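Quick notes on the structure that follows.
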């Protein structure tokens with residue numbers, strides 16, 4: 018059964034941070050699909066196939082979402098909340114990737130259902146490991162569903 | 007007393023009400039005095055009447071005796087005394103009439119007396135005439151009716167006297183009653199004045215002292231970082247002061263919150279570019295490694311390789327090292343700022359903290375550095391405190407780590423932790439003092455005021471750090487409503503005293519409870 022390649026969606030308003038993530042993913046051989054979005058609203062639109070992504074078939078491809086917290090328009094925590102509140106998108110694994118190491122913030126994100134919380138400056142080795150594991154996990158849980 | 011009144015109005019009431027009562031009291035007293043004087047005058051009057059009537063009687067007796075003497079004597083003239091007595095009698099009767107003119111009961115008796123006296127005088131004149139005429143027989147015979155007249159007069163006089171004495175008795179009774187009344191008036195009036203003054207004063211003071219007590223309590227609570235009492239009701243000056251105090255406290259609290267939020271959001275905003283600096287310097291490092299690989303390839307000319315390697319190893323490598331060192335330092339400062347800000351914001355879990363166990367745990371964790379520094383640690387009796395376990399642990403961990411860190415290499419290190427404090431420390435009740443004493447480098451007096459300020463370091467060469475440990479400690483101690491201070495001298499060691507609550511406070515952590523997580527507010531959006 019052919020599976021669609023995992024698409025990594027990165028919502029990050031800082032170009033430098035985005036570039037660093039992309040470089041590390043590429044180095045780890047995970048560059049197969051990275052969609053970089055500028056803020057939380059774009060992330061929601063992309064996941065739902067709405068707005069500027071209305072042509073996209075939302076259920077087409079397994080997705081892993083990387084979310085920065087501080088973003089313009091809709092912040093990462095709100096994106097996480099909305100995705101986890103909607104049964105259609107609740108299964109999407111989400112990695113929070115942010116500068117905030119406030120324990121309350123971390124706790125809140127885990128309560129909302131994020132899979133991994135990573136504080137910048139990131140240990141990219143661990144970061145890549147987390148993505149690989151989640152990607153694997155994602156494909157494992159997706160297979161019976163298809 | 008009604009709290010709608012201002013203190014001025016209350017004060018005026020306090021003065022005016024007893025004054026009014028005193029005025030009424032004075033009027034009553036003056037009236038009683040006047041009554042008394044009048045009653046005394048009447049008593050004197052009665053005695054006067056009795057004296058006058060007795061005098062008249064004596065005159066009449068005198069006149070009778072004289073006349074009788076004349077009748078039996080041979081000289082044939084009345085004695086001078088008898089003549090004078092006879093002469094006085096009409097005017098005495100007139101005086102008497104005058105005296106009792108205000109007494110209707112006496113008037114008919116006086117009229118009767120007057121008639122009887124006139125009869126007696128006529129009798130005396132008749133006797134005198136008969137004696138001079140030598141009609142001795144008839145004169146002697148006339149003595150009997152004279153004596154009868156005198157007796158009749160005596161009866162009338164006794165009646166008059168009886169009336170007067172009766173009157174006198176009644177007036178004496180009146181006088182006594184009046185004196186009694188006056189005494190009672192004095193007593194009750196005095197009691198009413200004293201009583202009303204005391205009652206008003208108590209009400210007045212209750213209102214004021216109680217409310218002032220609330221103000222004093224608020225000032226103390228403010229100093230200890232506790233929440234203030236509910237605002238006072240009413241409209242007096244104290245309420246205004248209380249309102250102003252609440253506003254001031256609110257403003258300060260808001261400013262503090264804004265400061266915390268400012269530090270928090272600035273530190274976070276600083277982190278973002280720092281991530282880029284760190285990440286891309288890492289990238290540069292990786293690129294350098296790849297370039298080295300490239301230069302090592304055989305098809306690279308030897309001169310190019312040597313020059314390239316030189317650039318890599320010396321120039322670029324060094325630049326990256328400096329950038330990374332600077333980034334590391336910046337990251338530590340920002341972390342320190344965030345920790346400071348968090349120390350003021352994190353929610354406390356209030357409970358009884360086993361300080362002895364906490365300190366034992368800290369000493370255990372510091373075991374390696376304690377052994378390395380060859381320091382002797384003595385732990386005394388440490389009673390429990392009331393607070394947040396994490397914060398209490400951080401407080402003692404900072405102080406003990408400092409003590410270990412700043413030992414004097416010239417002598418064996420000694421650190422004492424116990425629950426004793428100086429007596430007469432002037433602390434508010436409900437605080438328990440702990441101390442951490444070392445015999446280390448010590449702190450010169452001049453530096454004491456800056457010891458608890460963030461980013462100020464005294465022995466910068468001795469240990470690493472950003473100099474926020476004691477600032478954090480102070481923040482946590484103050485959030486417990488406690489105190490921290492130190493005694494130290496350069497070269498002899500330092501003692502840090504920490505006062506923490508020994509029992510639950512009135513309400514949980516008041517500090518900045520309203521501050522939400524950073525992504526909540528508009529303050530964090532980047533528009």
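Residue numbers (this note's numbering), protein chains in the order written: chain Z, 18 to 163; chain H, 7 to 533. Just so it is clear, CB atoms sit at the ideal spot from N, CA and C, and this is done for glycine as well. Being a predicted model, the structure only gives us computed values, none of them experimental.
How would you label residue 22/Z, buried or exposed, when you count the other beta carbons within 10 angstroms and need 16 or more for buried? exposed
Since residue 357/H sits in a beta bridge, which residues does DSSP pair it with? 393/H
Own chain, CB closer than 8 Å to residue 56/H, minus 5 neighbours either side, in chain order: 167, 170, 171, 174
If we call anything under 9 Å between Cβ atoms a contact, is residue 505/H one with residue 438/H? yes
If we define contact as Cβ-Cβ less than 9 Å, is residue 286/H a contact residue for chain Z? yes
DSSP on residue 526/H, reduced to helix/strand/coil? A caution first: residue 526/H carries a pLDDT of 36, below 50, which makes its placement in the model too unreliable to give a value.
Tell me whether the beta-carbon of residue 127/H lies closer than 9 Å to the beta-carbon of residue 96/H. yes
Neighbour list for residue 289/H in chain Z, Cβ cutoff strictly below 8 Å: 37, 40
Answer yes if the segment 31 to 38 of chain H comes into contact with the segment 188 to 196 of chain H, meaning at least three C-beta pairs across the two stretches below 8 Å, and no otherwise. yes
Which of helix, strand or coil does DSSP assign to residue 245/H? helix
Spell out whether any CB of chain H is found under 9 Å from the CB atom of residue 53/Z. no
Using 9 Å as the limit for Cβ to Cβ distance, is residue 235/H near chain Z? no
Exposed unless 16 or more other CB atoms sit within 10 angstroms - verdict on residue 120/Z: exposed
For a cutoff of 9 Å on Cβ pairs, would you count residue 22/Z as touching chain H? no
Under 8 Å by Cβ, that's how I've got residue 318/H and residue 294/H pegged, so tell me the actual separation to the nearest angstrom. 5 Å
Please work out which residues of its chain come closer than 6 Å, Cβ to Cβ, to residue 433/H, disregarding the five sequence neighbours upstream and downstream, and give them in chain order. 505
Helix, strand or coil: how does DSSP classify residue 81/Z here? strand
Name, please, each residue of chain Z whose Cβ falls closer than 9 Å to the Cβ of residue 278/H. 31, 33, 34, 87, 116, 137
For residue 329/H and residue 282/H, I'd like the C-alpha separation in whole angstroms. 12 Å
Do residue 503/H and residue 411/H have their C-beta atoms closer together than 9 Å? no
Would you mind sorting residue 15/H into buried or exposed? The rule is 16 or more other CB atoms within 10 Å of its CB. exposed
Less than 9 Å between CB atoms is the rule here; does residue 257/H satisfy it with respect to chain Z? no
For residue 282/H, would you say it is in contact with chain Z, using Cβ-to-Cβ distances shorter than 9 Å as the test? yes
Cut-off 7 Å between Cβ atoms - residues of its own chain near residue 409/H, not counting five sequence neighbours on either side: 421, 442, 444, 446
Span of the beta strand (DSSP E) holding residue 456/H? Premise fails: residue 456/H is in no beta strand (DSSP E) and is neither H nor E.
Which residue's Cα is closest to the Cα of residue 88/H: 296/H, 107/H, 108/H, 66/H? 66/H
In or out: residue 150/H buried (at least 16 other Cβ within 10 Å) or exposed? exposed
Let me make sure I understand the geometry here. Which of 179/H, 62/H, 22/H has the alpha-carbon closest to that of residue 45/H? 179/H
For chain H, find out if any of its Cβ atoms is closer than 9 Å to the Cβ of residue 150/Z; answer yes or no. no
Determine the contact status of residue 221/H and residue 251/H, defining contact as a CB-CB distance below 9 Å. yes
Could you pull the start and end residues of the beta strand (DSSP E) that residue 51/Z belongs to? 51 to 54
Measuring only between beta-carbons, confirm whether residue 26/Z sits less than 9 Å from chain H. no
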